[in-house]
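For what it's worth, our numbering labels the leading residue of the sequence shown as 29, then goes sequentially. Every residue, glycine too, gets a C-beta built ideally from N, C-alpha and C. Note that the structure is predicted; figures quoted are calculated from it, not measured. Step one of this worksheet: look at the structure below.
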Amino acid sequence: MKTSQPEFDVAVVGGGPAGLMAADAAAAAGAKVAVFDAMPSVGRKFLLAGKGGLNLTHSELLPAFLGRFEAAQPALAPLINDYPPDQLRAFAQSLGIDTFVGSSGRVFPQDMKSAPMLRRWLQRLRAQGVSFFVRHRWLGFEKNALQFAHGDAITQVTARATVLALGGASWPQLGSDGRWVETLSAAGVAVTPLAPANCGFECEWSEFFKTHFAGEPLKAVAARCKGDESMPKPRRGEFIVTESGVEGSLVYALSSRLRRALQARGVATLELDLLPDTELAALNRALAIQAGKRSVAEQLRRGAAITGVKAALLREVLPKSTLANPALLAAAIKALPVTLHATRPIAEAISTAGGVAFAGLDEQLMLSGHPGIFCAGEMLDWEAPTGGYLLSACFATGQRAGAAAAVWAAKAAPKKRSRKAKPPAGGNDSTDLAP
Ligand SMILES: Cc1cc2nc3c(=O)[nH]c(=O)nc-3n(C[C@H](O)[C@H](O)[C@H](O)COP(=O)(O)OP(=O)(O)OC[C@H]3O[C@@H](n4cnc5c(N)ncnc54)[C@H](O)[C@@H]3O)c2cc1C
C-alpha cells in the first residue's frame, strides 16, 4: 500500500461537467483545487454528448424551464435561478464558444461540438492552478481521507472540502458506473435507487414485426402514457421501432411517466395517436366508405393514408375483430395501446433518475452528517427530459457545490499554512487529459 498526504482546499471527485464546474467555482474563489477521475481523461460523457450536437441549455422562460425538473423543482430552482441558462451561455462565451438558439428553442454551441469547449475549459482550469489526477478511482472515505485506487496502489488524499460529482449510471464505459451508491449508502447517505431516464422500453414484438420493421421510424405521431392523468394532452414527435421495443425522442420525453407506471403496475401502455391531425369522426367516415369492399391494408391506405410501419403496427397490436370493424379501427388509430414490459437497461439510457436524496443535503449541497462533503450533478436525485436541461442542472449544482466547498475550506484553513503539498502518486495535468 502506498500512501501520501497532500493538502488541497477542495478535492473534486469526478471530472464531468458538474465536477469541472465545481472546480472552476472553487478555484475562482481562491481555493487550491484538485480534480480526480477514474478514467484516463475527464469529460468523456460531455464529449459524447457533443457527437449528436451538444445541447447546452434551453432558451425557454425560466418558469417553464424549471417545470421540467418536476418533483426536484423545489430543490433545483434556487440553484438554477443562481446559475440560469443565460449565465451558462455567458460561461461558454467566456471560453470563446458562441452559442445559438435552434428552432426548437434549444441552445447549442455554434459548431455543435463539445470538444473545443472542453479543451479550452481545461486549459483555463489549469491556468487557474487546478491539478488533475486521472486514473484515480475513488473507493470511499478512510478516516478523514479520500481513498483512491491508482493502478495497483491505494492513495489517500486529504482535503478541507470535497465535492463528489460522480455522475449517474448510464454509459458506464465512459466512467460513471454508479458504484458510488454502495459506498455512500454504507456511509449512511440516503440514496434513491438509480433508474434509467430518457431511455428506451421493451415490447414483445412478433418475430415478423421485428424482422421487417426494427429500425423504422414512426413519424408525426402523438403519444401519452395511458392512465397518467397529469398529462393534459398527448405529445407529438417521433420514435423508432427497435428489435426489443421502442426508443427515440418521443419515448424519452415520456420515459419518466412510463417508468413510474411500470414500477407501479408491472406494465405500462404507450398510447399512440397515429394520425394526430385527423379528427376521429373524419377518420370514421373515411374508413367506413372503404369497408367491406377492400382488404384492411387497402382500407388503411385509401381511407387514412396509413402504410408501412404504421399499418404493420396496427396489425401487430390489434385483434382481427378490431381490424375488421371500421369504427373500432378508427378509434384504435387515434389511441393505439402498445404494451411496454420493461425499461431498457440503465447502461443504454441517456441519463439517470434517482441518486443522493435532496433531503440529506443542505442548500449548499453539503451532506448532512458529513461536514465538508458536497455533491453535484447527475448523481443527485433529479431527472429531466433532453433539451439541455441535464447539463444545465449539472452546471448549476456544480457551481453551487464548488463555491460552497471553497467557503467551507477557507473557514477550515488555519490562518497561515504551507502550500507546498506533495501531489499524490500518478498525478498529472498534462497530455493524457486532452479531450
Ligand atoms: C449519448 C448522450 C448524449 C447526451 N447529450 C446531452 C445533451 O446534448 N445535452 C444535455 O444537457 N445532456 C446530454 N447528455 C447528458 C449529460 O451528458 C450528463 O447529464 C452529464 O454528463 C452528467 O454530468 P456529471 O458531471 O454529473 O456526470 P458525468 O459526466 O457522468 O461525469 C462523472 C465523472 O465521474 C467519474 N467517476 C465516476 N465514478 C468515479 C469514481 N469512483 N472515482 C473517480 N471518478 C469517478 C467518471 O469517470 C466521470 O468522468 C447526454 C448523455 C448521453 C449519454
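Inter-residue spacing [alpha-carbon to alpha-carbon] between residue i and residue j
{"i": "residue 387", "j": "residue 97", "result": "16 Å"}
{"i": "residue 146", "j": "residue 152", "result": "10 Å"}
{"i": "residue 50", "j": "residue 297", "result": "40 Å"}
{"i": "residue 374", "j": "residue 338", "result": "28 Å"}
{"i": "residue 42", "j": "residue 64", "result": "6 Å"}
{"i": "residue 448", "j": "residue 36", "result": "Residue placement at residue 448 is poorly supported in this model, since its pLDDT is 49, which falls under 50; the coordinates are not used for a value here."}
{"i": "residue 86", "j": "residue 419", "result": "10 Å"}
{"i": "residue 248", "j": "residue 369", "result": "24 Å"}
{"i": "residue 166", "j": "residue 430", "result": "18 Å"}
{"i": "residue 428", "j": "residue 160", "result": "20 Å"}
{"i": "residue 366", "j": "residue 90", "result": "34 Å"}
{"i": "residue 268", "j": "residue 439", "result": "54 Å"}
{"i": "residue 61", "j": "residue 256", "result": "46 Å"}
{"i": "residue 391", "j": "residue 227", "result": "30 Å"}
{"i": "residue 106", "j": "residue 169", "result": "30 Å"}
{"i": "residue 73", "j": "residue 225", "result": "15 Å"}
{"i": "residue 102", "j": "residue 210", "result": "27 Å"}
{"i": "residue 436", "j": "residue 389", "result": "15 Å"}
Beta carbon of residue i nearer than 9 Å to that of residue j
{"i": "residue 398", "j": "residue 215", "result": "yes"}
{"i": "residue 236", "j": "residue 290", "result": "no"}
{"i": "residue 271", "j": "residue 242", "result": "yes"}
{"i": "residue 489", "j": "residue 426", "result": "The first residue shown for the chain is 29 and the last is 463, placing residue 489 beyond what the model contains."}
{"i": "residue 222", "j": "residue 136", "result": "no"}
{"i": "residue 424", "j": "residue 114", "result": "no"}
{"i": "residue 346", "j": "residue 334", "result": "no"}
{"i": "residue 299", "j": "residue 264", "result": "no"}
{"i": "residue 308", "j": "residue 359", "result": "yes"}
{"i": "residue 273", "j": "residue 372", "result": "yes"}
{"i": "residue 288", "j": "residue 259", "result": "no"}
{"i": "residue 432", "j": "residue 408", "result": "no"}
{"i": "residue 234", "j": "residue 344", "result": "yes"}
Heavy atom of ligand 1 within 8 Å of residue i beta-carbon
{"i": "residue 406", "result": "yes"}
{"i": "residue 182", "result": "no"}
{"i": "residue 70", "result": "yes"}
{"i": "residue 371", "result": "no"}
{"i": "residue 279", "result": "no"}
{"i": "residue 158", "result": "no"}
{"i": "residue 198", "result": "yes"}
{"i": "residue 304", "result": "no"}
{"i": "residue 378", "result": "yes"}
{"i": "residue 418", "result": "yes"}
{"i": "residue 311", "result": "no"}
{"i": "residue 141", "result": "no"}
{"i": "residue 202", "result": "yes"}
{"i": "residue 67", "result": "yes"}
{"i": "residue 165", "result": "yes"}
Nearest-angstrom Cβ-Cβ length linking residue i and residue j, presumed shorter than 8 Å
{"i": "residue 68", "j": "residue 162", "result": "6 Å"}
{"i": "residue 410", "j": "residue 104", "result": "6 Å"}
{"i": "residue 405", "j": "residue 422", "result": "4 Å"}
{"i": "residue 206", "j": "residue 196", "result": "6 Å"}
{"i": "residue 303", "j": "residue 311", "result": "7 Å"}
{"i": "residue 294", "j": "residue 317", "result": "With 8 Å as the limit, residue 294 and residue 317 do not qualify as a contact, their Cβ atoms being about 41 Å apart."}
{"i": "residue 156", "j": "residue 55", "result": "4 Å"}
{"i": "residue 254", "j": "residue 301", "result": "With 8 Å as the limit, residue 254 and residue 301 do not qualify as a contact, their Cβ atoms being about 12 Å apart."}
{"i": "residue 174", "j": "residue 190", "result": "6 Å"}
{"i": "residue 413", "j": "residue 281", "result": "5 Å"}
{"i": "residue 380", "j": "residue 198", "result": "5 Å"}
{"i": "residue 187", "j": "residue 434", "result": "Rounded, the Cβ-Cβ distance is 11 Å, inconsistent with contact."}
{"i": "residue 385", "j": "residue 158", "result": "Their Cβ separation, rounded to whole angstroms, is 29 Å, which puts residue 385 and residue 158 out of contact at 8 Å."}
{"i": "residue 53", "j": "residue 84", "result": "The pair is not a contact, with the Cβ atoms about 18 Å apart (cut-off 8 Å)."}
{"i": "residue 142", "j": "residue 75", "result": "5 Å"}
Exercise. Residue ranges of each beta strand (DSSP E) run of no fewer than 3 residues wholly in the stretch 271-330, ordered along the chain?
Worked result: Note on the stretch 271-330: whole beta strand (DSSP E) runs with a minimum of 3 residues are 273-275 and 296-301, in chain order.
For this session: Give, in chain order, every unbroken run of the beta strand (DSSP E) that is at least 3 residues long and sits entirely within the stretch 214-240.
Result: Look at the stretch 214-240 and you find these whole runs of beta strand (DSSP E), each 3 residues long or longer: 219-225.
Exercise. What beta strand (DSSP E) runs, 3 residues minimum, are completely inside the stretch 352-380?
Worked result: Here the runs fully enclosed are 364-368.
Exercise. Unbroken beta strand (DSSP E) runs of length 3 or more, entirely within the stretch 31-101: which are they?
Worked result: If only complete runs of 3 or more residues are kept, the stretch 31-101 shows the beta strand (DSSP E) at 35-41 and 61-64, in order along the chain.
Exercise. Where in the stretch 140-172 do unbroken runs of the beta strand (DSSP E), each at least 3 residues long, occur, reported from the N-terminal end onward?
Worked result: As far as the stretch 140-172 is concerned, its whole beta strand (DSSP E) runs of at least 3 residues are 159-161 and 165-170.
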